[in-house]
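Written below as structure tokens is the structure these notes are about.
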Amino acid sequence: MAHGLTVIIAVKNHRGLIRGCIESCRDVADEILIADSGATDDTVQLARQLCEGWCTCTVVARQYITACSFKNWAIPQAAHPWILILDVDERLTDGLSVEIQELLSGQPAGDGYQVCRHNYFMGRRVRFAEWARDRVIRLFQRDKFRYPRDDVDHGEFPTAGLKIGRLRAPLKHYARRSYDEQLEKCNRYTAL
């Protein structure tokens, strides 16, 4: 790729999810930056093993407060000028990988790019409400994007004065795999 790409993945005890996330990035990542918030399982070691022989795996660690503050801290630590942020329960599709490769092999016109996220609940794609029309900026130039507030868990990048493009291929988000996981996330978000 003409422009190097760092994929940032925030983790904490995600051994069961990290393999699929990293393997979906094989064709696009020059660096996988694992932002560890205190994993006590072997997530970090597994991530390093999965990256062996095809890209650099950098691990940085810090206490997790909110998603926005954690990602704002991780972004400037990336080695490459382009960033792709993935949650550990997200996967690049083959089409999205190709689209990112083609974009970064030339001169990207945008400062950042929105991705259409296909959300899955208990293995089934959500086709209604806001989750059916979910678009998020995930691919962007490292030095141009930061979340404006560190005190929220889900924020959006400010885009005033920036050129934002849209990628056509989707990103898959396996948000909730069980009712127990849904309740745990609801409890965590209400505690913030």
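So that you can map any letter, position 100 of the sequence shown is 906 in the numbering used here, and since no number is skipped, the others follow by simple counting.
Think of the CB as a built atom: it goes at the ideal place given N, C-alpha and C, for glycine as much as any other residue.
Per DSSP, reduced to three states, the secondary structure at Gly-826 is helical. With a cutoff of 8 Å on beta-carbon distance, Ala-845 and Val-817 are scored as near each other. By the neighbour-count definition (other C-beta atoms within 10 Å, threshold 16), Lys-877 is a buried residue. Around the beta carbon of Ala-935, fewer than 16 other beta carbons sit within 10 angstroms, so the residue counts as exposed. Annotated as proximal: Leu-823 and Val-894, with beta-carbon spacing under 8 Å. Beta-bridge partners of Ile-815 (DSSP): Ile-840, Leu-892. Our two residues, His-809 and Ala-853, have alpha carbons roughly 23 Å apart in a direct line. Cβ contact annotation for Ala-966 (same chain, cutoff 6 Å, sequence separation greater than five): none.
Assigned with DSSP and collapsed to three states, Val-834 falls in coil, not helix or strand. For Leu-852, the uninterrupted alpha helix (DSSP H) segment begins and ends at 849–857.
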